[in-house]
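Working notes for the structure below.
2 protein chains.
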Amino acid sequence: MINQLVANIKKTGAPIVVGLDPMLGYVPQHIQKRAYEEYGETLEGAAEAVWQFNKEIVDTTYDLIPAVKPQIAMYEQFGLPGLAAFKKTVDYCKEKGLVVIGDVKRGDIGSTSEAYAVAHLGRVQVGSKTYVPFDEDFATVNPYLGSDGVNPFLKVCREEQKGIFVLVKTSNPSSGEFQDQQVGGRPLYELVGEKVAAWGRELMGEEYSYVGAVVGATYPEMGKILRKIMPKTYILVPGYGAQGGKGKDLVHFFNEDGLGAIVNSSRGIIAAYKQEKYAKFGESAFAEASRAAVEDMAADIREALKEL
Amino acid sequence: MINQLVANIKKTGAPIVVGLDPMLGYVPQHIQKRAYEEYGETLEGAAEAVWQFNKEIVDTTYDLIPAVKPQIAMYEQFGLPGLAAFKKTVDYCKEKGLVVIGDVKRGDIGSTSEAYAVAHLGRVQVGSKTYVPFDEDFATVNPYLGSDGVNPFLKVCREEQKGIFVLVKTSNPSSGEFQDQQVGGRPLYELVGEKVAAWGRELMGEEYSYVGAVVGATYPEMGKILRKIMPKTYILVPGYGAQGGKGKDLVHFFNEDGLGAIVNSSRGIIAAYKQEKYAKFGESAFAEASRAAVEDMAADIREALKEL
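From first to last, the protein sequence lines are chains A and B.
Position 212 (the first sequence) corresponds to 405 in my numbering; numbering is contiguous.
Position 121 (the second sequence) corresponds to 314 in my numbering; numbering is contiguous.
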């Protein structure tokens, strides 16, 4: 699946992932109204609104982008109907040829971690039959529990040719509380990065590993070091746009081949119509605003990558 | 909800939580057969088998125990039908007067972490209506992202009088890879423990805080230190039984009042009928075997607590 991701990035020339994190506040009134008319102001209604919102954004941007990253929390908050909308979104994006990164940040140990891996990347056995539960292409994984938490994911990735992105240095202001602590003369996130590189060596695709890393755009200097520690690791970079990261901050997350990183933007794209810059589209053409925001983001990153 | 947990523990005299982590391999053949006859060998069939298994164990043990801890991964692997069985289990256990700890190990940042908190402990707004999505009493939380990840949970806990257990030192062999790293002269898990104590001071119940910690039974010496660092923190202790922890290892997780810790056993109880010790019950009386295992575990811990 890492090969597919790299191929999609080469094809679109845009190392961009659109974060499908639809808070209800982002969903235009006319979509919410239509959904509530059909399903009432229920969890089913909210899930339908979110799904229709996603669908229109995907229909309007899929030719420009290699991948999407639905954030499962935003669906989980609407209970079972919300998770049904998550699954529908995953399936639809795959039909459109997009690589789907399930931003699930799961992590546990042993058979429990394996159950998560099966849920999101694998297949589950029921009697004589097998099923694919959520079937994303990649999942994000939390490393706090160590190798016992990650190895079951590696096992499923190997079987299914799928991948993971392990949290190394997250984009939020307080990520340093634990991640930046000095251990043996270097910060903890470097140690995690070394582990990611080691896990990744066991599971190589053509150019890059099936084991990726998450490193926030808000920490470009750390990105520079982590890039060197994990040369064959794809880096998923959140924090661009709304969280403050800019194109020029991103250069060092990439390798000299212009590959090796994929930059996420969520509300900066899906709620672009709420920004002054794209206000001219209006709420009804929200998806066109998202398309314009994708084009601007791709141009910003392409410009920055000229420095490579 | 911490007050309810403490009250339940005092009433039963058993600081025990039963981990409802039903792998299909644990579910007796006659239950699987019945479920597949009704739903086929489908995700629905697997979910039904898991739910019937849980129900019988809960019906047979609820008077002896204060709480249960369903592990959501084991349900998530059966997709939406599995998550429906999770929700049904949560609701049923609450009807039976049990405190429900959702072992979800979620953790993200900002609005995403808030969405997880809402999903598992809170209520979500849809138009003019509000809904409770999964509605556990407690959730387990991964701290790797720092305060940005935990604060949204604290907010929802305050609103809903619910609680969390933050992973501090997990029970698995490789937990030391990151958690034991020395930072400023002490291991990382102690720093996390200090943070848990600080978060907990903001959210106190009558005797203990709404913010608990997870510390594995397999690391009793670390439990001793963490007990002192977090005096008002309830410690959820996994790793008893199948993972190797014994009653005598548990003493130092408790305070002198005999409170402050609750010990989890999952397969040691729910799959007790597979152990030689309880084989006499046979597969058909699997729930009676679980009851006997609960009684033995409670006696083991009571014996150990005499040392306090």
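Think of the CB as a built atom: it goes at the ideal place given N, C-alpha and C, for glycine as much as any other residue.
The model shown is predicted, which means the values in this text are computed figures rather than measured ones.
Closer than 8 angstroms to chain A by CB, residue i
i: T411/B; result: no
i: G272/B; result: yes
i: F331/B; result: no
i: D284/B; result: no
i: E395/B; result: no
i: K355/B; result: no
i: I302/B; result: yes
i: M415/B; result: no
i: S321/B; result: yes
i: Y324/B; result: yes
i: A391/B; result: no
i: K166/B; result: Beyond the ends of chain B as shown, which are 194 and 501, falls residue 166/B; an answer cannot be given.
i: A406/B; result: no
i: K298/B; result: yes
i: F358/B; result: no
i: V293/B; result: no
i: S314/B; result: According to the sequence as given, residue 314/B is Leu; it is not Ser. Not an interface residue.
i: V514/B; result: Not covered by the structure: residue 514/B. The range shown for chain B is 194 to 501.
i: V430/B; result: no
Contact belief for residue i with residue j at Cβ below 8 angstroms, rounded distance in angstroms
i: Y309/A; j: R316/A; result: About 14 angstroms separates the two Cβ atoms, so there is no contact after all.
i: V210/B; j: K262/B; result: 5 angstroms
i: W392/B; j: V319/B; result: Their Cβ separation, rounded to whole angstroms, is 30 angstroms, which puts W392/B and V319/B out of contact at 8 angstroms.
i: L257/B; j: E488/B; result: 7 angstroms
i: D214/B; j: S459/B; result: 4 angstroms
i: I376/B; j: Q374/A; result: Reading off the sequence shown, one finds Val at residue 376/B, where the question assumed Ile. With 8 angstroms as the limit, V376/B and Q374/A qualify as a contact, their Cβ atoms being about 4 angstroms apart.
Residue i vs residue j beta-carbon contact at 8 angstroms
i: S483/A; j: T333/A; result: no
i: V349/B; j: V389/B; result: no
i: G405/B; j: G339/B; result: no
i: E307/B; j: P345/B; result: yes
i: G212/A; j: Q264/A; result: yes
i: G555/B; j: D341/B; result: In the structure as shown, chain B starts at 194 and stops at 501, and residue 555/B therefore has no counterpart that could be examined.
i: A312/A; j: F327/A; result: yes
i: L429/B; j: I294/B; result: yes
i: M409/B; j: D493/B; result: In the sequence as presented, Met is not what sits at residue 409/B; that position holds Gly. No; because the gap between Cβ atoms is not below 8 angstroms, this pair is not in contact.
i: N201/A; j: V283/A; result: no
i: Y324/A; j: L273/B; result: no
i: L452/A; j: E400/A; result: yes
i: L314/A; j: R351/A; result: no
i: F474/A; j: P221/A; result: no
i: T411/B; j: G434/B; result: no
i: P208/A; j: I455/A; result: yes
i: Y528/B; j: M194/B; result: This structure gives no information on residue 528/B, because the portion of chain B shown stretches from 194 to 501.
i: V444/B; j: A497/B; result: yes
i: Q372/B; j: P366/B; result: no
i: V251/A; j: Y219/A; result: no
i: L217/B; j: A239/B; result: yes
Beta carbon proximity, residue i to chain B, threshold 8 angstroms
i: A454/A; result: no
i: A277/A; result: yes
i: D341/A; result: yes
i: V243/A; result: no
i: T426/A; result: no
i: K280/A; result: yes
i: A308/A; result: yes
i: N457/A; result: no
i: E234/A; result: yes
i: N335/A; result: yes
i: G238/A; result: yes
i: F446/A; result: no
i: F246/A; result: no
Under the three-state DSSP convention, the category residue i falls into
i: V279/B; result: Note that residue 279/B is Phe in the sequence shown, not Val. In the structure shown, F279/B sits in a helix (DSSP, three-state: H, G or I).
i: A464/B; result: coil
i: D296/B; result: strand
i: M267/B; result: helix
i: I209/B; result: strand
i: N247/A; result: helix
i: A478/A; result: coil
i: K322/A; result: strand
i: T426/B; result: coil
i: T411/B; result: coil
Beta carbon proximity, residue i to chain D, threshold 8 angstroms
i: V349/A; result: Chain labels in this structure do not include chain D; the protein chains are A and B.
Worksheet item: When Cβ atoms are compared, which residues of the segment 254-273 of chain B fall closer than 7 angstroms to chain A?
Response: Q264, A266, M267, E269, Q270, F271, G272, L273
Practice prompt. Could you list the residues in the segment 365-377 of chain A with a C-beta less than 8 angstroms from some C-beta on chain B, going in chain order?
Written response: N365, P366, S367, S368, G369, E370, F371, Q372, Q374, Q375, V376, G377
Worksheet entry | chain A contacts from the segment 203-231 of chain B (Cβ-Cβ distance under 9 angstroms) | D214, M216, L217, Q225, Y229
Discussion item. What are the residues in the segment 463-476 of chain A lying within 9 angstroms of chain B by C-beta distance?
Written reply: none
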